[in-house]
Structures are given as structure tokens and as C-alpha cells.
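First comes the structure, then the notes that go with it.
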Amino acid sequence: AARTNDVAAAMAPRLAMLPPLLLPLLLLSADVGLCLTLAATSRITPVRSLNWIDSAPAQAVESRTFCSLRRAQRCTSTCCSAAADFNEIGKLPFEPVPELGPAETIFVICAGLKYNNWPRLDAGIERLYHYLTPRGRVALAPTPPKSGLQGGVTLDYFLENAGSAALGSLLMCSHFKLVGDLTITPGAETRGRLATQMVEVINEPDDAMLTALVTAPRSHHEAILDAVRRGVPPPELPVPVTPVPRRAWYVFSLEEERRPPYQGCWLLKEMFPMQKTKLQILNEGGEEFDGPDVD
């Protein structure tokens, strides 16, 4: 009995985050295993644009961030198995500190983007903004030029316009890990040390199914509930096609800052993908001929 109570206590917060119409569906299915499995594996937290979250209206508003891969509706399903993990994510520094080495800095950035809406909406992207160099901010959120110059990027502008392939993959991803060796280049007179590290990002297909289920319209939930009551197959769940790859690799480039206010801290310069673009692939097919150019 004590074991059952412990399981019920652990599952209750997760079940409470499911859409209301899905709860009777689980009960009517008379499949306790399905109920516990869904609650234990989904770890669904309040996500963007879900109006059924009455207890947290501030979390229900649509996020201001739309990356270039249009993943604004992606669910925050994660690999986290305990609420304590989310509390640890909330303790990650929002701004660079000298105590963090380059590998730790990359981990903080990636973990923040994976749990983007914890402890508040778009907290991970806000953290990314603070860890970027000024040029890195412009690269992710280019500002309109004024008098021929490109000025600084404000936080609000970054939240509205930031986008890249790496950002699209890391936002609420399933897994990420640092692979290979960290490479550090000595500093010079004009700059601090440089560091590069490859990061592997994985987005599981089952996350897309959970996203489609949670973000489906109320009418679809009602149709599923009606099908279960009548004992007929439920309607098909349309899973949106996403350009986000299931597995991708990115190289993080960092620089050690020499000037205040982040003196001695590692800042992110860029995140560039290892996968070649279509233009790069087409350029590989070009041919070079010996001899002088002719008209």
C-alpha cells in the first residue's frame, strides 16, 4: 500500500498537467499500465499556447520566440524523471560567471534550452542571450541597419527574432551530449582563449506524437473520448511534419572574455551545424579547369 501511495503521489502532478479530456480517456480505457506509462514517460509541463492551463495563465500565453524552424508549438516533454531535476535547472546561472569552464558553459546553455520554459517562459532563450557575444546575438537575431551600421540586439528583440538550426534543434530537445574532446586555443594580444566543442542533439519521434496529442484541438480530444466509449478505433492523430532532424551535430565556438563585466567568463560566439547545406553540396559538384580564363 505504501508503494502504491508513493507511485500515486509521484504521478499526480504529471497527470494534472494533461488536458482535462485525456484524463477520463485513460480511466475509460481501464488500462492502468497505459495511465502510469503515459504519466511516467511524458513529463509534460506547461507549454506554449495551451489555453487549457487555468492554474497558470502566465504560462499559457503564446511564446514570443519563433525560431527559423517554426517550432513554437513544440511540447516541453523531456527526459527528466523527477521534479528535483527541474529545480536544478532553475538554479543554473542566467549570466556567465568565471567559475564556469567552456564545457560547463556549453552544458548550461544546452540544458537551459532543453528546459526552455523552466522556471519561466523562454528562460532558456533569455539565458542564451546573456551567454552570447554581441556578434553572436546579431548572428542569431540580425537587426535592421541604421546609418549603414548594425546596432546592438536588445533582449526583447532577441526573444522575438532569434533563430538558427542549432536553436531549433536544442529547444525542448529529447537529449543532448557533448561528444569528442574540447579544443582550447591559447589567447593572443587582442583576444582571450578560444574553445570549440561538438554537441550532439537528439529529438525523439515519440516527442512529436506527445506534442500532437497535447496540442490537438478540443474537438479531437472529444472525438477520441467518444470512440473509446463506443468501443471503436479512435480517429487518426495528425502528426505535424517538422524540419528538425532526429539527430544533429553542432560545433560550439566560445571565447574567453577579457573585459568587464564578464572578464574571465566564457561567452558563446556561434553554433554552426556539421551537416552541409544544399548550397554547399551543390558547390562540391563544380569543376576547375587548368589554364587561363577566357571570355
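In terms of the numbering used here, the sequence shown opens at residue 707 and continues consecutively.
Virtual Cβ for every residue (Gly too), placed ideally from N, Cα, C.
If you're wondering where the values come from, they're calculated on a predicted model, not measured in any experiment.
Using the three-state DSSP reduction, which class does residue i fall into: helix, strand or coil?
i: L756; result: Its pLDDT being 25, under 50, L756 is placed unreliably by the model, and nothing is read from it.
i: E794; result: helix
i: D1003; result: In the structure displayed, the chain extends from 707 to 1001; residue 1003 sits before or after that span and is not available.
i: A922; result: coil
i: A746; result: For A746, the predicted structure reports a pLDDT of 39, less than 50, and the residue's modelled location is therefore unreliable. A value from the coordinates is still provided. Looking at A746 - three-state DSSP - the assignment turns out to be helix.
i: Y956; result: strand
i: L974; result: strand
i: P911; result: helix
i: L943; result: coil
i: V950; result: coil
i: Q981; result: coil
i: T917; result: helix
i: A894; result: coil
i: E832; result: helix
i: V934; result: helix
i: E928; result: helix
State the start and end residues of the unbroken alpha helix (DSSP H) segment that holds residue i.
i: L846; result: 840-846
i: F813; result: 808-820
i: L861; result: 861-867
i: L873; result: 871-876
Using the Cβ count rule (16 or more neighbours within 10 Å means buried), how would you classify residue i?
i: D828; result: buried
i: R833; result: buried
i: H881; result: exposed
i: G739; result: Confidence is the limiting factor: at G739 the pLDDT is only 40, short of 50, which leaves the residue's position unreliable, though a coordinate-based value still follows. It counts as exposed.
i: E866; result: exposed
i: T917; result: buried
i: L974; result: buried
i: L988; result: exposed
i: M878; result: buried
i: V1005; result: Only positions 707 to 1001 of the chain appear in the structure, and residue 1005 is not among them; the question remains open.
i: K852; result: exposed
i: G858; result: exposed
i: K883; result: exposed
i: E794; result: exposed
i: G661; result: The structure shown does not extend to residue 661, since the chain is modelled only from 707 to 1001, so the question has no answer here.
i: L861; result: exposed
i: Q969; result: exposed
Are residue i and residue j close, meaning C-beta to C-beta below 8 Å?
i: A894; j: P808; result: no
i: P911; j: R952; result: yes
i: I831; j: A868; result: yes
i: E962; j: G898; result: yes
Between residue i and the ligand HEM, is there a pair consisting of the residue's CB and a ligand heavy atom that are separated by less than 7 Å?
i: I831; result: Of the ligands one can find in the structure shown there are none, so the ligand HEM has no counterpart to examine.
Kindly say whether residue i, judged by its beta-carbon, lies nearer than 8 Å to any beta-carbon of chain B.
i: L888; result: No chain B appears in this structure, which consists of one protein chain only.
Say whether the stretch 923-937 touches the stretch 834-841, bearing in mind that this needs 3 or more beta-carbon pairs closer than 8 Å, one atom from each stretch. no
Are there three or more Cβ pairs, one per stretch, closer than 8 Å when the stretch 793-808 is compared with the stretch 857-876? no
Between the stretch 891-907 and the stretch 843-851, do at least 3 Cβ pairs fall closer than 8 Å? no
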